[in-house]
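Numbering (our numbering), first residue to last: -18 to 218.
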């Protein structure tokens, strides 16, 4: 590689006038699930004291289970302060469910006008606002052959998928956060998805509806495992 061959890692968007815009900001998000959480109040109190931006969910499929999601613009938080939190009481006495461990980062698609809103503010609000307590978190892995398709075909496939999700969003039924996890997922997944709503059923419904799209039916190699739960505490904005 020559000295002049530079790699631009900035997130890219486009202003309303069509001018390119850039940002070095992005939000990192990590999800963990635990069993044996008999005292949820103790867990909440410890997280309040920590000052971390996070949410705690009651696990729909485990009577003594919880899910936790932590967010930060600083990747060092996840190997520093967060490890201190999770290696101390009360988390140190819980059963860690490694199959639900997920980590990802927000990313731009290249056409967004307000990158700060799209990359940081909007996903932060969706995760931390109390108005949307129900959540489903899951990873997905695409078939590698998807990347060999022509760009116009990829756009059509993703467009079908995106329009369906947009309908649920416009109806006020589902909010979503999409995170890239290339190279930072132990199972070689490509994305982490968070779905949020006032009620559980619309979240299940949109997952079901997405199964009919060409992306899911032809180009998704793996989905899940799925964590479903309801927030019992959020640190707030």
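C-beta: ideal position from N, C-alpha, C; glycine also.
Note that the structure is a prediction, hence the values are computed from the model and not measured.
DSSP assignment within the segment 109 to 148 yields the following whole beta strand (DSSP E) runs of 3 residues or more, N-terminal first: 115 to 123. Contact annotation: residue 160 and residue 101 have beta-carbon atoms that are not nearer than 7 Å.
The C-beta separation of residue 162 from residue 84 comes to about 6 Å, placing the pair in contact by the 8 Å criterion.
Of -8, 202, 216, 215, the smallest CA-CA separation from residue 86 is found for -8.
Per DSSP, residue 190 is one residue of the alpha helix (DSSP H) stretching across 182 to 191. Contact between residue 52 and residue 34 holds: CB atoms are separated by about 5 Å, below the 8 Å threshold.
In terms of Cα proximity to residue 91, the closest of 205, 4, 210, 184 is 4. A residue is called buried when at least 16 other Cβ atoms come within 10 angstroms of its Cβ; residue 195 does not meet this threshold and is exposed. Of the candidates 207, 216, -6, the residue whose Cα lies closest to the Cα of residue 116 is 207. A direct Cα-Cα distance of roughly 33 Å separates residue 25 from residue 203.
Pairing residue 190 with residue 145 gives a Cβ-Cβ distance under 7 Å. Residue nearest to residue 148 within the set 167, 188, 169 is 188 (criterion: CA-CA distance). Within a 10 Å sphere around the beta-carbon of residue 129 sit fewer than 16 other beta-carbons, which makes this residue exposed. Rounded to the nearest whole angstrom, the C-alpha separation of residue 45 and residue 201 is 32 Å. For the 7 Å CB-CB criterion, residue 175 and residue 214 do not form a contact. With fewer than 16 other beta carbons inside 10 angstroms of its own, residue 168 counts as exposed. Closest in C-alpha terms to residue 151, from the list 76, 183, -6, comes 183.
Note that the C-beta distance between residue 210 and residue 20 is not below 7 Å. Its Cα nearest to that of residue 97, the residue -6 stands out among -6, 216, -12, 212.
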